[in-house]
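Protein chains in written order, with this note's numbering: chain A, 73 to 345; chain B, 73 to 345; chain C, 73 to 345.
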Amino acid sequence: MFGNYLSDVRKKQPHIHCITNYVSANDCANLLLASGSSPIMADCPLESAEITALCDGLLLNTGILNPEKLSAMQKSGKTANALHHPVVLDPVGAGASRFRTESVQSLLKELRIDVIRGNLSEMKALFCHAEISHGVDAVASDRITEENLPEMTKLIRQIAAVQNTVIAVTGQIDIVADKNQAYCIHNGCSMMKSVTGSGCQLSALTAAFITANPEHILESTAAAVCMMGVCGEIALEHLKHYEGNSAFRNRIIDAVYCLDAETLDKKAKYQIF
Amino acid sequence: MFGNYLSDVRKKQPHIHCITNYVSANDCANLLLASGSSPIMADCPLESAEITALCDGLLLNTGILNPEKLSAMQKSGKTANALHHPVVLDPVGAGASRFRTESVQSLLKELRIDVIRGNLSEMKALFCHAEISHGVDAVASDRITEENLPEMTKLIRQIAAVQNTVIAVTGQIDIVADKNQAYCIHNGCSMMKSVTGSGCQLSALTAAFITANPEHILESTAAAVCMMGVCGEIALEHLKHYEGNSAFRNRIIDAVYCLDAETLDKKAKYQIF
Amino acid sequence: MFGNYLSDVRKKQPHIHCITNYVSANDCANLLLASGSSPIMADCPLESAEITALCDGLLLNTGILNPEKLSAMQKSGKTANALHHPVVLDPVGAGASRFRTESVQSLLKELRIDVIRGNLSEMKALFCHAEISHGVDAVASDRITEENLPEMTKLIRQIAAVQNTVIAVTGQIDIVADKNQAYCIHNGCSMMKSVTGSGCQLSALTAAFITANPEHILESTAAAVCMMGVCGEIALEHLKHYEGNSAFRNRIIDAVYCLDAETLDKKAKYQIF
């Protein structure tokens, strides 16, 4: 099933307007190209709405945020909503500062977001009024594990219901849920945490998947999360003994470039609740 | 002949001031270093003119544009003109928004540009008042092909004549022309479209080539375009079966680093009209 | 001895707030992850102090500087000083423009900086009122060589004494000194100059080392400088004949990822004066 969503990305080649951060922008662009979609990056409020209108889907990533970029996100988000373009929000660093948290909250309030993709501490900072997020890494005590999976899945589905959106929380185990259903995904490997912006890349890939499959937001988001994990596994298999996280970063993008629908379906490991 | 222009880059090691975008800045810098030239990147209007004066050539790339960066480009461009430093303009995204198009037009009006390097849709948006550019990719109906090559070459030479500059339009076939002469270059491979900023990188390389060969702007621009294509071909030859666009990106830069003048001359495929 | 400082980075996994430039931000982030530390990047003055407070150490890199980023550096620097977090300053481009030089001078005046890591021309521009720095490359006449090593070491120690900080000057030979002692480090290879931001990466690594070893600022800075050189040597050993500076860049980060304390101690080449 997930393979079909990938095939649609390759076939439709959606243009994704990315308003994102300079740390991972190059990797996000190359990952989108690897997937068959086309990135267009522009973050100036003087033009962002026009750029959004030229594209098919929108990615909002709050890494390295500033007021100008936030303004561009608001304008692009409204245009995307008016044109019924799918929108992914990656609330990078929510909880790490008042400005970041309040900015994300304003985006959530003003825009219709189709998918929120982040880590558990960002979700808790936004929706559970819990402890402060420690930057881009999930707080250790907040990890999704086999033991707390049922509880976590319930929590994510509750958030999805309240926000009326799809939530994708990634970690050791990934949970992708709307109010009705949850995918728990067991692909990936721990070395992915050693690649800067691997979450940003997944959010970009998610934007490509849901834009190519707008009738199946939940399922195609799960497919994107699964694909990123599968590509991490393939990258690890190809890694030579003296290679590290830089080679691994390249090999993940290469794996996205090479992956076909059949292999994705064969390697996907997930449960549906 | 093209090999001599490369040798001059390696020998003179020109310093290139780059005002460019954060998506491809790192790749552009490493590509310039691979060529033997030195990148200096600075985009703040408070200092851009001073930085330009320290360097030997200037690259203006309008990707991820904003008013501050545009102001820096204007100040640096005027300094470069006053000091007779060669200037390359890459009008990234011209046609994609009113702000982008008008900004590029203001640069063309106020500055003496030696080479404009872009894709066909950007050129048409700027000079032919044609349909809207679709971001950074050439509009499909606007491709340069074997069939329309004579017509396209004539069009590019007309633009070059009106603008009194060298125009380099890259695509499946590349055309580099001034009002008198055109090089049609057949190097490269389609996979280069899967590398983000491959056009930006070529524009940076072009700045290095014309700065090292200021008496031969047309010919050294053609040499840079040819070299980028040759390096794409070499990168493709070295690609392993499980590698994709990320390995390819690295291998192009590596090929620039390793290429010698003789190999460039041997692999160059072009016609002169 | 240096191996122990590396082990402390791996063990303590310090969070480093980086206010840096978009050319090398991705490489700096991946290098920090390779070392075992965690980068958190944020450069907006509306939040920078809060981000600093969440982290354990601070890196200030003046590449691609603008007034907003300078303001963020001042706020973060004061917070880091108040919280006794170690601070590394990389004065990229000091001497290349009045704005850059004066900005760095204001940071030096207002903040307690633990380590200044740069090239010789930057140091001379800041502290010796000498000729103008040529961007990010050390002026040729200002190289550290075997012949002038005693003289240079004395100069660096004088600067360190006046500034009451540790100075790390990198070039063909590296000198790391405080007012009492100097390490002259002979690791590394000339190809490292062909990687953009290799100095920025070293400054980030230095921030990780001193944050994990705050009682040994001088020694752990020398260890970071040594490690970067050792990883350059290892990367060069693994380089294939058709590979260039892009593969080399990746292999340096990979070498940081793979290096263990014993290998660092075995390969370290330095003298203490």
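Backbone N, C-alpha and C define an ideal beta-carbon position, used for all residues, glycine too.
This structure is a prediction, so every number in the text was calculated from the model and none was measured.
Which residues share a DSSP beta bridge with Met264/A? DSSP links Met264/A through a beta bridge to no other residue.
CB-CB length for Lys141/A against Ile91/A, believed under 8 Å: Contact check for Lys141/A and Ile91/A: beta-carbon distance about 6 Å, within the 8 Å limit, so the pair qualifies.
Output needed for Ser96/C: all residues of its chain with C-beta closer than 6 Å, excluding positions within five of it in sequence on either side, in chain order. The residues are Gly269, Cys272.
Per-residue DSSP class, three states only, for Pro139/A: Helix at Pro139/A.
If Ala279/A and Phe74/A are in contact, beta carbons under 8 Å, what's the gap, nearest whole angstrom? Between Ala279/A and Phe74/A the beta-carbon gap is near 16 Å, outside 8 Å, which marks them as no contact.
Could you list which residues in chain C have their beta carbon closer than 8 Å to that of Phe199/A, in chain order? In chain order: nothing, as chain C lies at least about 20 Å away.
If we ignore side chains and look at the alpha-carbon of each, how far apart do Asp214/C and Cys256/C end up? When rounded, the distance between both Cα atoms is 16 Å.
Using a Cβ-Cβ cutoff of less than 6 Å, which residues in the same chain neighbour Ala333/A once the five nearest sequence positions on both sides are dropped? Apart from sequence neighbours up to five positions away, the residues of its chain that approach Ala333/A with a beta-carbon distance below 6 Å are Gly75, Leu78, Ser79, ordered along the chain.
Quick one, are the C-beta atoms of Ser107/B and Ala114/B less than 8 Å apart? No; because the gap between Cβ atoms is not below 8 Å, this pair is not in contact.
Inter-residue Cα distance where the pair is Ala202/A and Lys181/A: Because the pLDDT of Ala202/A is 48, which lies under 50, any placement of that residue in the model is unreliable, and the number read from its coordinates should be weighed accordingly. Rounded to whole angstroms, Ala202/A to Lys181/A spans 20 Å at the Cα level.
Which word fits Pro375/B, buried or exposed, when buried means at least 16 other C-beta atoms lie within 10 angstroms of its C-beta? Residue 375/B lies beyond the stretch modelled for chain B, which goes from 73 to 345, so this question has no answer here.
When the Cα of Ser110/A is compared with those of Ala125/A, Cys116/A, Val81/A, which residue comes out closest? Distances from the CA of Ser110/A to each of Ala125/A, Cys116/A, Val81/A were compared; the closest alpha carbon is that of Val81/A.
Pick helix, strand or coil for Val211/B, following the three-state DSSP scheme. Caution is warranted here: a pLDDT of 41 is assigned to Val211/B, below 50, making its placement in the model unreliable, and no coordinate value can be reported.
Closer than 8 Å to chain A by CB, Leu137/B: Closer than 8 Å to some Cβ of chain A, the Cβ of Leu137/B qualifies, so yes.
Using a C-beta cutoff of 8 Å, does Ala233/A count as contacting chain B? With 8 Å as the cut-off, Ala233/A does not count as an interface residue toward chain B.
Pull up the distance between the alpha-carbon of Leu290/A and that of Val248/A, whole angstroms please. Rounded to whole angstroms, Leu290/A to Val248/A spans 7 Å at the Cα level.
Is it true that the CB of Arg321/B sits closer than 8 Å to the CB of Thr267/B? For clarity, residue 267/B is Val in the given sequence; the question names Thr instead. Judged by their CB atoms, Val267/B and Arg321/B are nearer to each other than the 8 Å cut-off.
Would you mind giving the Cβ-Cβ distance between Ser175/C and Thr134/C, rounded to the nearest angstrom? I have them listed as a contact below 8 Å. At roughly 6 Å, the Cβ-Cβ gap stays under 8 Å, so Ser175/C and Thr134/C are in contact.
Between Asn285/A, Lys251/A, Ile245/A, which lies nearest to Gly129/A when the distance is taken from Cα to Cα? Relative to the Cα of Gly129/A, the nearest Cα in the group Asn285/A, Lys251/A, Ile245/A belongs to Asn285/A.
What is the DSSP secondary structure of Gln343/C, counted as helix, strand or coil? Strand.
Can you tell me which of Ala294/C, Asn102/C, Gln85/C puts its alpha carbon nearest to the alpha carbon of Ile344/C? The shortest CA-to-CA distance from Ile344/C to any of Ala294/C, Asn102/C, Gln85/C is the one to Ala294/C.
What is the residue span of the alpha helix (DSSP H) that Arg172/B lies within? Taken as a continuous stretch (DSSP letters only), the alpha helix (DSSP H) holding Arg172/B covers 170–182.
From Phe281/B to Cys303/B, what does the alpha carbon distance come to, in whole angstroms? Approximately 15 Å, taken between the alpha carbons.
Considering only their Cβ atoms, is the gap separating Ala240/C from Asp246/C smaller than 8 Å? Their beta carbons are under 8 Å apart, which means Asp246/C touches Ala240/C by this criterion.
Taking all protein chains shown into account, decide if Glu122/B is buried (16 or more other Cβ within 10 angstroms of its Cβ) or exposed. So Glu122/B ends up on the buried side.
Between which residues of its own chain and Met224/A is the CB-CB distance below 7 Å, once the five residues before and five after are set aside? Excluding positions up to five away in sequence, the list reads Ile216, Ile247.
Since Leu161/C and Leu179/C are thought to touch, with beta carbons under 8 Å apart, how far apart are those beta carbons, to the nearest angstrom? Contact holds; Cβ gap of about 6 Å.
Helix, strand or coil: which one does DSSP assign to Ile91/B? Of the three classes helix, strand and coil, the one that applies to Ile91/B here is strand, per DSSP.
Quick one: does Gly165/C have its CB under 8 Å from some CB of chain B? Interface residue, yes.
Is Ile185/C helix, strand or coil by DSSP? Coil at Ile185/C, not helix or strand.
Separation of Thr242/A from Gly190/A, as counted between CA atoms: CA-CA distance, Gly190/A to Thr242/A, rounds to 6 Å.
Return yes when the C-beta of Lys265/B is under 7 Å from any heavy atom of the ligand SAM, and no when it is not. Ligands displayed in this structure: none; no statement on the ligand SAM is therefore possible.
Quick check on the DSSP output: the beta strand (DSSP E) that includes Leu347/A runs from which residue to which? Given that chain A is displayed from residue 73 to residue 345, the structure contains no residue 347/A and the question cannot be resolved.
Residues bridged to Leu161/C by DSSP? Its beta-bridge partners are Leu132/C, Ile188/C.
With a cut-off of 8 Å, does the C-beta of His156/A fall near any C-beta of chain B? For His156/A, the answer is no, since every Cβ of chain B falls outside 8 Å of its Cβ.
4 or more residues per run - each alpha helix (DSSP H) lying fully within the stretch 254–331 of chain B: Qualifying alpha helix (DSSP H) stretches, in chain order: 270–284, 289–310, 317–330.
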